[in-house]
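What follows is a single structure, written as structure tokens, with notes after it.
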Ligand SMILES: Nc1ncnc2c1ncn2[C@@H]1O[C@H](COP(=O)(O)OP(=O)(O)O)[C@@H](O)[C@H]1O
Ligand SMILES: [Mg+2]
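Quick look at the structure:
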């Protein structure tokens, strides 16, 4: 082992917040490229559900499988992307267990950069998941009445919402002790919220208490907005409501994550 | 010149456990300073407080003149920590890990990559540069971790148990790295459970136990304070051993330990030539000797003696 050149010359100028955030985001993308299975893992379930629900229950629920696909795809899009958001918490938990968080925290620079960088990198995964699900839907015969713009707007809205919700999962990731627990609790939470929403059935058919929950469930609001955008119907108030809820989730859980991270 | 590290009355509790119980440390710049203590002594806790990862419940800590609490950012820009457990990203390659740290510390993309390549070569990791770290051996990971701490040369390098769990060859590699860095003037705080390691690397040592410094000095002073090496001599029977012990007491004026009936005696020796003289004398006066061995007090005994001394009010 030769140990020369160990001193690295003069100390460079301190990196700014944008540069450090970009460096952390880059790291997230490198990891994603290295472990692409992650993406498939969480997308395969929603795709299977889309296919099975459409062809098994579709006729019974909506009269024809085609009609049910029109109804179901927007909800599956939401579900798939939100599942992916759980991964943000899993990654953060793993980083902390592995000591990576300690290394980052001992470096100078903007304190929130590792978190923001990681969550930004995760947005790329949301886009990929959204694309996979939408393309599958189109192949199955989904009729996107909203056209290209409607599809793009719907995907963008889901990605923004997932970005917001990922702060909930990073909070969870720092609150529990194992990556498996983050995965388990996170997926279960998304699944329950998705199940008791308007993703699979029209809430008009549900008993009172359940219908009431479905009505206040933010996932229902998001699905309403995404459905309208994909179908090419007016979506202004629905989109506004979903965005407001995304902002509220971020306002609560982003600072909470940052607090737990500093501990 | 400002001190590298200065702590006074540092305290930290975790529930019922007092991890730091009034830790006082003074470390000059330009030295390798050893923090020596058994598992659970509070070494990692102390190091985490210094690196601003943990806030102490009470007491003061300054790193290179900066208060760890009020001037945390200044501390972080001058201190590098290599934690007890590897803190590199397992999914990334060695080169990607180092380039990431370089970017985070303000190097350009190109500069960060060049520096990464330079360090990988210096640390004998050039061949593994493009492999994900999860495929590295423990020694390779440890070297990469230390490399990550000197991507930008820190004014104070903190290494928390850098050789624990490494095979002898990897340990020798780490020792060489520490010596090379020290030779270039980097101040290093190194924690270890091994007296031998503190002795080999550190110019000064603080012995820590139960979150407190129980002894401080050069390795030589510490060893002298806990007693010399010991000679154990074995005989066929307890009678011969007792007689031999008497000989050593009168002829050499030593405090010889001999349990009645035991065939073995133990005598302190301060220099090896004296041991030769003692053995010659015993072979001549009390043959036959069945065996002998020379050893130093183990770290356990060092701690026992140091903590025991603590409890006797002087
Ligand atoms: N995060 C923690 N939670 C609870 N106890 C802790 C924590 N960190 C350290 N301790 C306890 O504090 C004591 C000192 O630990 P540590 O500083 O890791 O010692 P060392 O590094 O010398 O082995 C130990 O008894 C350990 O169990
Ligand atoms: Mg430790």
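Chains as they are written, first to last, in our numbering: chain A, 6 to 268; chain B, 5 to 318.
We put the CB at the ideal spot given by N, CA and C, even for glycine.
For residue 100 (chain B) versus residue 35 (chain A), is the C-beta distance shorter than 8 angstroms?
yes
What residues in its chain sit with their C-beta under 7 angstroms from that of residue 117 (chain A), if we drop five residues either side in the sequence?
263
Please confirm if the segment 94–111 of chain A is in contact with the segment 154–165 of chain A, defined as three or more CB-CB distances below 8 angstroms between the two stretches.
no
For residue 316 (chain B), would you say it is in contact with chain A, using Cβ-to-Cβ distances shorter than 8 angstroms as the test?
Because the pLDDT at residue 316 (chain B) is just 40, under 50, the model does not fix this residue reliably, and the value given afterwards should be weighed accordingly. With 8 angstroms as the cut-off, residue 316 (chain B) does not count as an interface residue toward chain A.
Would you check whether ligand 1 has a heavy atom nearer than 7 angstroms to the C-beta of residue 142 (chain B)?
no
Buried or exposed (CB count within 10 angstroms, at least 16 for buried), residue 48 (chain A):
buried
Touch test, the segment 13–21 of chain B against the segment 186–201 of chain A, Cβ-Cβ under 8 angstroms, three pairs minimum:
no
Chain B residues whose Cβ lies nearer than 8 angstroms to that of residue 25 (chain A):
107, 108
Smallest Cα separation from residue 125 (chain B): which of B:35, B:151, B:157?
Of all alpha-carbon atoms in B:35, B:151, B:157, the one lying nearest the alpha-carbon of residue 125 (chain B) is that of B:151.
For ligand 1, enumerate in chain order all residues having a CB closer than 6 angstroms to any of its heavy atoms.
Output, sorted by chain position: B:18, B:21, B:23, B:41, B:43, B:44, B:45, B:46, B:47, B:48, B:49.
To the nearest angstrom, how far is it from the Cα of residue 124 (chain A) to the Cα of residue 210 (chain B)?
43 angstroms
Is there at least one Cβ from chain A nearer than 8 angstroms to residue 136 (chain B)'s Cβ?
yes
For residue 316 (chain B), collect the residues of the same chain with a Cβ closer than 7 angstroms to its Cβ; drop the 5 residues on either side in sequence, then sort them by chain order.
Confidence at residue 316 (chain B) is low in this model, with a pLDDT of 40, below 50, so its placement is unreliable and the value that follows should be read with caution. None.
For residue 318 (chain B), which residues in the same chain have their Cβ closer than 8 angstroms to its Cβ, ignoring the five residues on either side in sequence?
Reliability fails at residue 318 (chain B), whose pLDDT of 37 lies under 50, so the model's placement of it is uncertain and the value that follows must be treated cautiously. Cβ within range, chain order: n/a, list empty.
Can residue 7 (chain B) and residue 31 (chain B) be called in contact, C-beta distance under 8 angstroms?
Taking 8 angstroms as the cut-off, the beta carbon of residue 7 (chain B) is found closer than this to the beta carbon of residue 31 (chain B).
Beta-carbon spacing of residue 182 (chain B), residue 84 (chain B) below 8 angstroms
no
Under DSSP, the beta strand (DSSP E) around residue 16 (chain B) begins and ends at which residues?
According to the DSSP assignment, residue 16 (chain B) belongs to the beta strand (DSSP E) that extends over 9–18.
Residue 136 (chain B) - partner residues in DSSP beta bridges
B:97
Counting pairs of Cβ atoms below 8 angstroms between the segment 69–85 of chain B and the segment 211–230 of chain B, do you hit three or more?
No: fewer than three Cβ pairs fall under 8 angstroms.
Does the Cβ-Cβ distance between residue 156 (chain A) and residue 167 (chain A) come in under 8 angstroms?
For residue 156 (chain A) and residue 167 (chain A), no; Cβs fall outside 8 angstroms.
Below 8 angstroms on the Cβ atoms is my contact criterion, and I expect residue 213 (chain B) with residue 42 (chain B) to pass it. Report the Cβ-Cβ distance as a whole number of Å.
7 angstroms
Just how far apart, CA to CA, sit residue 18 (chain A) and residue 267 (chain A)?
Going from the Cα of residue 18 (chain A) to the Cα of residue 267 (chain A) covers about 24 angstroms.
Neighbourhood of residue 220 (chain A) by C-beta, 6 angstroms cutoff - its chain only, sequence neighbours within 5 removed
none
Chain-order list of residues whose beta-carbon lies under 7 angstroms from that of residue 91 (chain B) (same chain, five-residue window excluded)
149
Report all residues from its chain with a CB closer than 7 angstroms to the CB of residue 164 (chain A); omit the five preceding and five following residues, and keep chain order.
86, 128, 131, 132, 135
CB contact below 8 angstroms: residue 130 (chain A) versus chain B:
no
Check residue 149 (chain B) in the structure and name its three-state DSSP category.
helix
Rounded C-alpha distance that separates residue 75 (chain A) from residue 169 (chain A)
26 angstroms
Hey, which unbroken runs of the beta strand (DSSP E) at 3 residues or more fall wholly within the segment 57–123 of chain B?
62–67, 83–86
Would residue 164 (chain B) pass as a contact of residue 79 (chain B) if the rule is Cβ separation under 8 angstroms?
no
Once DSSP output is grouped into helix, strand and coil, what is the label at residue 171 (chain B)?
coil
Validate contact between the segment 173–186 of chain A and the segment 202–209 of chain A using beta carbons, cut 8 angstroms, 3 pairs:
No: the two stretches stay apart, fewer than three of their Cβ pairs being nearer than 8 angstroms.
Taking the alpha carbon of residue 349 (chain A) as the reference point, which residue from B:94, B:105, B:102, B:103 has its own alpha carbon closest?
This structure cannot settle anything about residue 349 (chain A), because the visible part of chain A is limited to 6 through 268.
Any heavy atom of ligand 2 inside 7 angstroms of the beta-carbon of residue 201 (chain B)?
no
Cβ-based neighbour list, residue 238 (chain B), same chain, cut-off 6 angstroms, excluding 5 preceding and 5 following:
Cβ neighbours of residue 238 (chain B) beyond the five flanking positions: 267, 268, 294, 295.
At 4 residues or longer, and completely inside the segment 171–214 of chain B: list those alpha helix (DSSP H) runs for me, N to C.
172–187, 199–205
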